[in-house]
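There are 2 protein chains.
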Amino acid sequence: MSSDDQLPPKVRLLRAAAELLANSEGSAVSTRQITKLAGVTAPTLYHHFGDKEGLFDAVVSAGFEEYVAGERDFAPSGEPLEDIRRMWDNHVAFGLAQPHLYLVMFGNIRPESRPAVVADAEALLEEMLNKAAIAGQLNVQPREAARSILAANVGVTLMLISEPVEDRNLELSTMTRDSMIFAVSTETARGAAAEDSGKSSVVVAAIALNAALQASHSDQLSSSELKLFLEWLHRISSSS
Amino acid sequence: MSSDDQLPPKVRLLRAAAELLANSEGSAVSTRQITKLAGVTAPTLYHHFGDKEGLFDAVVSAGFEEYVAGERDFAPSGEPLEDIRRMWDNHVAFGLAQPHLYLVMFGNIRPESRPAVVADAEALLEEMLNKAAIAGQLNVQPREAARSILAANVGVTLMLISEPVEDRNLELSTMTRDSMIFAVSTETARGAAAEDSGKSSVVVAAIALNAALQASHSDQLSSSELKLFLEWLHRISSSS
DNA sequence: CTAGCACCTATAGCGCTGCTATATGAAGTG
DNA sequence: CACTTCATATAGCAGCGCTATAGGTGCTAG
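Order-wise, the sequence lines are chains A and B.
Under the UniProt record's numbering, the residue at position 151 of the first sequence is numbered 151, and the numbers go up by one with no gaps.
Under the UniProt record's numbering, the residue at position 173 of the second sequence is numbered 173, and the numbers go up by one with no gaps.
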């Protein structure tokens, strides 16, 4: 109907879907709205994308690259934990800027069906947490920390989206963010404590070494040795 | 069609909706399924509940009382923070036991539309956090803590629901739970491994682990394993 | 040049959805 | 009995995701 009759229908469908997803206020977006705006008919949509979810996945993966670009751009500050904070804030900002797209990406939850985008976001976080682990700043396994932080990050973002705009208080985000990061990190921004009741420095060091070994393949050990070594390392770093 | 033709249609509709919501696997629940199971026709539903969402709200508020009952029953342990942990676990357990009902309650997120059940759950948490605050165990305002903890709690539960049953790792829950509670509390139970924040590498991490292992005897490895482990550690830490 | 083929798009419509205009029955009240 | 009020049913609307079928388009082989 409108957007650039020159472009191929596939692109027009993508743009129409993205536009409707970005601007639709509350109600759902139908295939008929999309095809009408794109100036094509239904079978064209299903020829190119299989079904509605396929089209949405395509829109999401485009939106995800935008998200990833935001996550990666201002990453290397030298302080991994500070970068984690920025990734958290960027995640929330993305969700609030494009709530409908965000809801399609992270809010469309069904039992036992894990969207690919969640795994990607998790990997992104884990990557950064690995750097923190290498720097000895992590208290737990990077993978577990990534899952935990992402779950809280999504929970906060969903809660903020569901609130009326005027009530949205970003302090909820920063507070939860710092709580999570503080809890998984070795930061001591709090009244000092003895090491008798928490993780020992052995565990912290083992986690750091584990992450460092996986980041830069050391050739000091043969592959079979390394395998056993890593297993022992895991055993040590998994002990409470 | 089945359930107790004696009962008034309103109750039969509620039970049918609850049953379908509990047993439906993946796909959505339609009004036709509900009315057929209840043995009534469509206008009856709309006469009593206004629309589909009204019926679901009614089911939810019944389910919520079940949820609240679980939250309140084993509450007064004398340790408010311990009670918060139980409320968290009960929340997750409820979500995993009745995922579809939970998704209707907490996962049906739309921009600027806050379900009543969220506010109720928040109030429940805040009430308990107030006790912690009175006992001087709280670091932040109970209201803020409740919002933050609930957001993380919902985020974790949604993430667990979206995972395949066999992959569900409740450690994600306990870890996030303790992170949140620890961060808002005045508890000082942490193993502080104060680390010079110099750039760590494989070597530095290996040296740190080596030192830490010798300082505190880890019993995760047998003595022979430990001997070989230390040798490899030495090989790594002497490289480059 | 034409035949064949692969790709893309449109017409028309199926079965489903949430919902309702209208009508009928039942129950209580003057 | 007449009247009102509440509760249920018949029948159907507009919208949904999706598709069987057919036709148009452009490329390549003979």
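Note that CB positions come from ideal geometry on N, CA and C, so glycine has one too.
Exposure of V184 (chain A), with buried meaning 16 or more beta-carbon neighbours within 10 Å:
Position 184 of the first sequence, counted from the first residue, corresponds to residue 184 (chain A). V184 (chain A) is buried by the Cβ-count criterion.
Mind checking who S113 (chain A) pairs with in its DSSP beta bridge?
Here residue 113 (chain A) refers to the residue found at position 113 of the first sequence. A:R110, per the DSSP bridge assignment.
Contacts that M175 (chain A) makes with chain B (C-beta to C-beta distance below 9 Å)
Residue numbering aside, residue 175 (chain A) sits at position 175 when the first sequence is read from its first letter. Residues of chain B passing the Cβ test: V140, E144, A145, R147, S148, A183 and V184.
Can you tell me the Cα-Cα spacing of E122 (chain B) and A146 (chain A), whole angstroms?
The residue labelled residue 122 (chain B) in the question sits at position 122 within the second sequence. The residue labelled residue 146 (chain A) in the question sits at position 146 within the first sequence. Those two C-alpha atoms are separated by around 25 Å.
Determine the chain B residues that contact I109 (chain A) at a beta-carbon separation under 7 Å, and present them in chain order.
The count along the first sequence starts at 1 and reaches residue 109 (chain A) at position 109. Per Cβ cutoff of 7 Å: L103, G107, L158, I161 and S162.
Decide if the stretch 6-17 of chain A is in contact with the stretch 35-52 of chain A; the criterion is three or more beta carbon pairs, one per stretch, under 8 Å apart.
Counting Cβ pairs under 8 Å, three or more are found: they touch.
Residue of B:R235, B:H234 and B:F229 minimising C-alpha distance to R235 (chain A)
Stepping through the first sequence from its first residue, residue 235 (chain A) is reached at position 235. The shortest C-alpha separation from R235 (chain A) is found at B:F229.
Jot down the residue ranges of each uninterrupted alpha helix (DSSP H) in the stretch 17-42 of chain B, minimum 4 residues, whole runs only, in chain order.
31-38
So with CB distances below 8 Å, who are the chain B contacts of E71 (chain A)?
Position 71 of the first sequence, counting from 1, holds the residue named residue 71 (chain A). Near E71 (chain A) there are no residues of chain B at all, since even the closest Cβ is about 18 Å away, more than 8 Å.
Measuring CA to CA, which of A:S224, A:P43, A:G39 and A:V118 is closest to L7 (chain A)?
Reading the first sequence from its first residue, position 7 is the one you call residue 7 (chain A). Checked all of A:S224, A:P43, A:G39 and A:V118; the closest Cα to L7 (chain A) is A:G39.
Is the beta carbon of G107 (chain B) closer than 7 Å to that of L158 (chain B)?
Indexing the second sequence from 1 puts residue 158 (chain B) at position 158. Indexing the second sequence from 1 puts residue 107 (chain B) at position 107. In contact: L158 (chain B) and G107 (chain B) (Cβ atoms closer than 7 Å).
Where S240 (chain A) falls: helix, strand or coil (DSSP):
As a first step, residue 240 (chain A) is located in the first sequence; it is residue number 240 there, counting from the start. Only weak support is given to the placement of S240 (chain A): the predicted model assigns it a pLDDT of 48, under 50, and the value that follows is read from those uncertain coordinates. Three-state DSSP puts S240 (chain A) in coil, outside helix and strand.
Whose CA, out of A:L150, A:S24 and A:L124, lies closest to the CA of E71 (chain A)?
Taking the first residue of the first sequence as 1, we reach residue 71 (chain A) at position 71. Closest option to E71 (chain A), Cα to Cα, is A:L124.
Buried or exposed for D57 (chain B), going by 16 or more other Cβ atoms inside 10 Å?
Residue mapping note: residue 57 (chain B) aligns to position 57 of the second sequence, counting from 1. The residue in question, D57 (chain B), is buried, as its Cβ has 16 or more Cβ neighbours within 10 Å.
Label E126 (chain B) either buried or exposed according to how many other C-beta atoms from any shown protein chain fall within 10 Å of its C-beta, with 16 as the threshold for buried.
The residue labelled residue 126 (chain B) in the question sits at position 126 within the second sequence. Buried is the call here.
Using a Cβ-Cβ distance under 7 Å, would R19 (chain A) count as near chain B?
Mapped onto the first sequence, residue 19 (chain A) falls at position 19. The sequence shown places Glu at residue 19 (chain A), rather than the Arg named in the question. False, the Cβ-Cβ gap to chain B never drops below 7 Å.
Determine the DSSP secondary structure at L7 (chain A), reduced to helix, strand or coil.
Along the first sequence, read from residue 1 onward, the residue named residue 7 (chain A) stands at position 7. DSSP places L7 (chain A) in coil when its eight states are reduced to three.
Any C-beta of chain B sitting closer than 7 Å to the C-beta of F64 (chain A)?
Here the question's residue 64 (chain A) lines up with position 64 in the first sequence. Not closer than 7 Å to any Cβ of chain B, the Cβ of F64 (chain A) fails to qualify, so no.
Please go through the same chain and pick out, in chain order, the residues whose beta-carbon is closer than 6 Å to the beta-carbon of E226 (chain A), but skip the five residues on each side of it.
Here residue 226 (chain A) is taken as the residue at index 226 of the first sequence, counted from 1. Correcting the residue identity first, residue 226 (chain A) is Leu in this sequence and not Glu. Same-chain partners within the cutoff: there are none.
Please classify P43 (chain A) as buried or exposed, where buried requires at least 16 neighbouring CB atoms within 10 angstroms.
In the first sequence, the residue the question calls residue 43 (chain A) occupies position 43. Flag for P43 (chain A) reads exposed.
Answer with yes or no whether the minimum CB distance from W88 (chain A) to chain B is below 7 Å.
Taking the first sequence and counting its residues from 1, the one referred to as residue 88 (chain A) is at position 88. Chain B contact via Cβ: absent.
Over what stretch of residues does the alpha helix (DSSP H) that includes E144 (chain B) continue unbroken?
In the second sequence, counting from the first residue as 1, residue 144 (chain B) sits at position 144. Here the alpha helix (DSSP H) through E144 (chain B) covers P142 to S162.
So with CB distances below 9 Å, who are the chain A contacts of V165 (chain B)?
Counting from 1 along the second sequence, the entry for residue 165 (chain B) is found at position 165. Near V165 (chain B) (Cβ distances below 9 Å), the residues of chain A are P111 and E112.
Starting from the Cα of N169 (chain B), find the closest Cα among A:V156, A:V140, A:K131 and A:E144 and give me that residue.
Here residue 169 (chain B) refers to the residue found at position 169 of the second sequence. Among A:V156, A:V140, A:K131 and A:E144, the Cα nearest to that of N169 (chain B) belongs to A:E144.
Quick one: Cα of S24 (chain B) to Cα of A93 (chain A), how far?
As a first step, residue 24 (chain B) is located in the second sequence; it is residue number 24 there, counting from the start. As a first step, residue 93 (chain A) is located in the first sequence; it is residue number 93 there, counting from the start. Each residue's alpha carbon lies about 35 Å from the other.
Within the 7 Å Cβ cut-off, does A172 (chain A) reach chain B?
For this step, residue 172 (chain A) is matched to residue 172 along the first sequence. At residue 172 (chain A) the sequence reads Leu, which differs from the Ala that was named. Output row for L172 (chain A): interface = yes.
To the nearest angstrom, report how far apart A62 (chain B) and D120 (chain A) are at their CA atoms.
On the second sequence, position 62 is the one that residue 62 (chain B) refers to. On the first sequence, position 120 is the one that residue 120 (chain A) refers to. Straight-line Cα distance between these residues: approximately 37 Å.
Start and end of the alpha helix (DSSP H) containing V60 (chain A)?
Within the first sequence, residue 60 (chain A) is the residue found at index 60, counting from 1. Residues K52 to D73.
Can you grab the Cα-Cα spacing for the pair E166 (chain A) / S173 (chain A), in whole Å?
For this step, residue 166 (chain A) is matched to residue 166 along the first sequence. For this step, residue 173 (chain A) is matched to residue 173 along the first sequence. Whole-angstrom Cα-Cα distance: 15 Å.
I'd like to know whether the C-beta of F94 (chain A) is nearer than 7 Å to at least one C-beta of chain B.
For this step, residue 94 (chain A) is matched to residue 94 along the first sequence. Cβ-Cβ to chain B under 7 Å: no for F94 (chain A).
Looking at the C-beta of G50 (chain A), does it have a partner C-beta in chain B at a distance below 7 Å?
The residue you call residue 50 (chain A) lines up with position 50 of the first sequence. Not closer than 7 Å to any Cβ of chain B, the Cβ of G50 (chain A) fails to qualify, so no.
Classify L138 (chain A) as helix, strand or coil using the three-state DSSP reduction.
Locating residue 138 (chain A) in the first sequence gives position 138, counting from the first residue. Strand, per DSSP.
Quick check: the Cα distance between D162 (chain A) and L233 (chain A), rounded to an integer number of angstroms?
Mapped onto the first sequence, residue 162 (chain A) falls at position 162. Mapped onto the first sequence, residue 233 (chain A) falls at position 233. In the sequence as presented, Asp is not what sits at residue 162 (chain A); that position holds Ser. In this structure, the CA atom of S162 (chain A) is about 43 Å from the CA atom of L233 (chain A).
Residue span of the alpha helix (DSSP H) that contains D83 (chain A), given as start and end
Stepping through the first sequence from its first residue, residue 83 (chain A) is reached at position 83. Residues P80 to A97.
Please compile the residues from chain A whose C-beta is within a distance smaller than 8 Å of the C-beta of E225 (chain B).
Numbered from its first residue, the second sequence carries residue 225 (chain B) at position 225. Within 8 Å Cβ-Cβ: W232.
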